[in-house]
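Trainee: To start, I am sharing the structure in question, which I have written as structure tokens.
In the numbering used here, the protein residues as written are 45 to 507.
This is the structure we're talking about:
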């Protein structure tokens with residue numbers, strides 16, 4: 045294996061130039077970790093690709109020599125999905141950032157290294173936007189977000205990346221370039237390979253380009269902030285908004301601990317109560333006024349103690365900052381964190397919140413509870429200090445029980461963060477509980493078709 049790696053590096057330097065192939069320890073170290081988590085492993089080399097043809101050359105050489113390959117964009121994975129557990133070559137796609145927008149066709153094409161924020165900013169120049177908006181959108185790349193099937197706050201209305209991608213360019217092991225899908229809102233030809241690759245976490249091949257549907261910017265957006273004296277009441281209010289057929293752009297839920305963390309770290313001027321809901325309503329001016337009133341009325345009828353609305357950009361950004369800064373605040377307050385990503389049916393949202401509070405008390409841990417509650421996606425963040433005896437063990441037991449809550453309530457262990465290294469065992473539990481025991485075996489068979497030598501991102505999904 046080591047001889048093969050050495051040969052692969054030598055061939056890559058000759059084919060691509062020495063400047064594109066990093067092998068020094070200080071250059072490799074940033075690629076041995078990801079945004080969060082305890083996982084670490086050093087790659088043997090990092091290749092800074094500038095084009096699809098660069099990726100082709102890496103996969104030609106790596107496949108022939110059976111050297112592991114790990115595609116990487118912004119490195120914002122929360123589950124260890126880009127950790128090179130078996131060494132090998134990391135393909136750094138972050139320099140591949142070209143973007144073009146076709147207003148007439150209602151699409152945007154982007155290379156894999158472009159960030160979601162960059163794509164959205166480019167669309168906005170033409171009066172359009174890309175709906176998926178992960179909290180890490182300024183870092184999260186197109187390739188990574190597709191490989192992870194990322195979502196975001198606007199998921200309550202618009203879903204995740206899988207709802208918006210039309211076509212992808214991929215490079216398969218061996219170096220074959222294949223475009224899957226068409227740049228069309230409607231077509232029907234062959235198997236749906238696009239959505240096979242979305243969420244595959246780099247285990248089948250490398251996504252190098254993608255074409256997305258885009259949406260016209262709304263005429264008006266109103267942001268609503270509702271305060272509750274009880275977290276479960278807030279969860280019930282969100283479920284009631286849905287039951288009444290209302291469809292806000294976002295429905296975010298933050299508990300007291302989340303708000304206090306954000307206020308402490310970022311000195312934000314936001315109210316503190318047991319629970320906050322941040323909701324956006326968008327559309328035409330007339331439609332927004334009507335829906336906003338109905339959402340506000342629903343919150344009040346469900347026990348909100350105070351509700352405020354704003355369409356002022358600065359005020360709206362203040363409220364948005366509270367949600368976007370939650371993960372960062374937690375990482376600054378606690379020595380280590382475990383971030384969860386369970387999704388439950390909305391009918392089970394209040395029960396999930398109740399059980400999460402019980403887990404927090406049972407293990408005597410710091411925990412903030414927040415999430416994209418409008419689609420049932422909750423992000424409990426467990427803080428712990430590995431230097432305190434027994435605390436790390438309690439934190440990971442709490443993590444396991446949190447996953448179990450999702451499974452027990454008919455939900456999933458991941459809504460948008462993926463499986464990576466973190467959730468291999470919880471995924472097995474979920475599949476077994478929900479009648480999908482054969483799925484991992486089927487995934488292995490699919491992987492053999494695309495990646496017969498098993499070089500693509502080994503270890504993720506347990507593959």
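Virtual Cβ for every residue (Gly too), placed ideally from N, Cα, C.
What separation, rounded to the nearest whole angstrom, lies between the Cα atoms of residue 240 and residue 347?
Mentor: About 43 Å.
Trainee: Report the three-state DSSP secondary structure of residue 199 (helix, strand or coil).
Mentor: Residue 199 falls in the helix class under three-state DSSP.
Trainee: Assuming contact is defined by CB atoms lying nearer than 8 Å, are residue 195 and residue 423 in contact in what I supplied?
Mentor: Cβ atoms of residue 195 and residue 423: not closer than 8 Å.
Trainee: Decide if the stretch 275-290 is in contact with the stretch 233-249; the criterion is three or more beta carbon pairs, one per stretch, under 8 Å apart.
Mentor: At 8 Å Cβ cutoff, the stretches do not touch.
Trainee: Could you give the DSSP three-state label for residue 191: helix, strand or coil?
Mentor: Residue 191 falls in the helix class under three-state DSSP.
Trainee: According to DSSP, is residue 354 helix, strand or coil?
Mentor: Strand, per DSSP.
Trainee: By DSSP, does residue 504 sit in helix, in strand, or in coil?
Mentor: Of the three classes helix, strand and coil, the one that applies to residue 504 here is helix, per DSSP.
Trainee: For residue 418, which of helix, strand or coil comes out of DSSP?
Mentor: Correct three-state label for residue 418: helix.
Trainee: Who does residue 259 pair with in a DSSP beta bridge?
Mentor: In the DSSP output, where bridge partners are listed per residue, residue 259 has 173.
Trainee: First and last residue of the beta strand (DSSP E) that includes residue 323?
Mentor: Taken as a continuous stretch (DSSP letters only), the beta strand (DSSP E) holding residue 323 covers 319-327.
Trainee: In this structure, what does DSSP give as the bridge partners for residue 155?
Mentor: 253.
Trainee: Check residue 449 in the structure and name its three-state DSSP category.
Mentor: Helix.
Trainee: Where does residue 311 sit, in a helix, a strand or coil, going by DSSP?
Mentor: Three-state DSSP puts residue 311 in coil, outside helix and strand.
Trainee: CA-CA distance, residue 151 and residue 404?
Mentor: In a straight line, the C-alpha of residue 151 is about 44 Å away from that of residue 404.
Trainee: Just checking residue 339 against the ligand NAD - is the residue's beta carbon closer than 7 Å to any of the ligand's heavy atoms?
Mentor: The ligand NAD is absent from the structure shown, which contains no ligand whatsoever.
Trainee: Which residues bound the beta strand (DSSP E) around residue 214?
Mentor: Segment 209-215, the beta strand (DSSP E) holding residue 214.
Trainee: With the cut-off set at 8 Å, would you say residue 157 and residue 137 are in Cβ contact?
Mentor: Yes, the Cβ-Cβ distance between residue 157 and residue 137 is below 8 Å.
Trainee: Indicate whether residue 238 and residue 212 have their beta-carbon atoms separated by less than 8 Å.
Mentor: Going by C-beta atoms, residue 238 is nearer than 8 Å to residue 212.
Trainee: Would you mind reading off the limits of the beta strand (DSSP E) that contains residue 205?
Mentor: That residue, residue 205, is in no beta strand (DSSP E); it is neither H nor E in DSSP.
Trainee: Just confirm the distance between the C-beta atoms of residue 217 and residue 103, as a whole number of angstroms; I'd bet it's less than 8 Å.
Mentor: About 6 Å separates the two Cβ atoms, so the contact holds.
Trainee: Going along the chain, which residues of its own chain have a beta-carbon closer than 8 Å to the beta-carbon of residue 305, five neighbours each way excluded?
Mentor: Around residue 305: 370, 373, 374, 377, 412.
Trainee: Would you identify the three-state DSSP class for residue 406, choosing helix, strand or coil?
Mentor: In the structure shown, residue 406 sits in a helix (DSSP, three-state: H, G or I).
Trainee: Just reading off the beta strand (DSSP E) that residue 264 is part of, what are its end residues?
Mentor: Start and end: 264-272.
Trainee: In three-state DSSP terms, what is residue 335?
Mentor: Helix, per DSSP.
Trainee: Going by beta-carbon coordinates alone, are residue 421 and residue 387 separated by less than 8 Å?
Mentor: Yes, the Cβ-Cβ distance between residue 421 and residue 387 is below 8 Å.
Trainee: Does DSSP classify residue 349 as helix, strand or coil?
Mentor: Of the three classes helix, strand and coil, the one that applies to residue 349 here is coil, per DSSP.
Trainee: Starting from residue 487 and walking both ways along the alpha helix (DSSP H), at which residues does that stretch end?
Mentor: Where residue 487 is concerned, the enclosing alpha helix (DSSP H) stretches over 483-494.
Trainee: Check residue 296 in the structure and name its three-state DSSP category.
Mentor: Residue 296 falls in the strand class under three-state DSSP.
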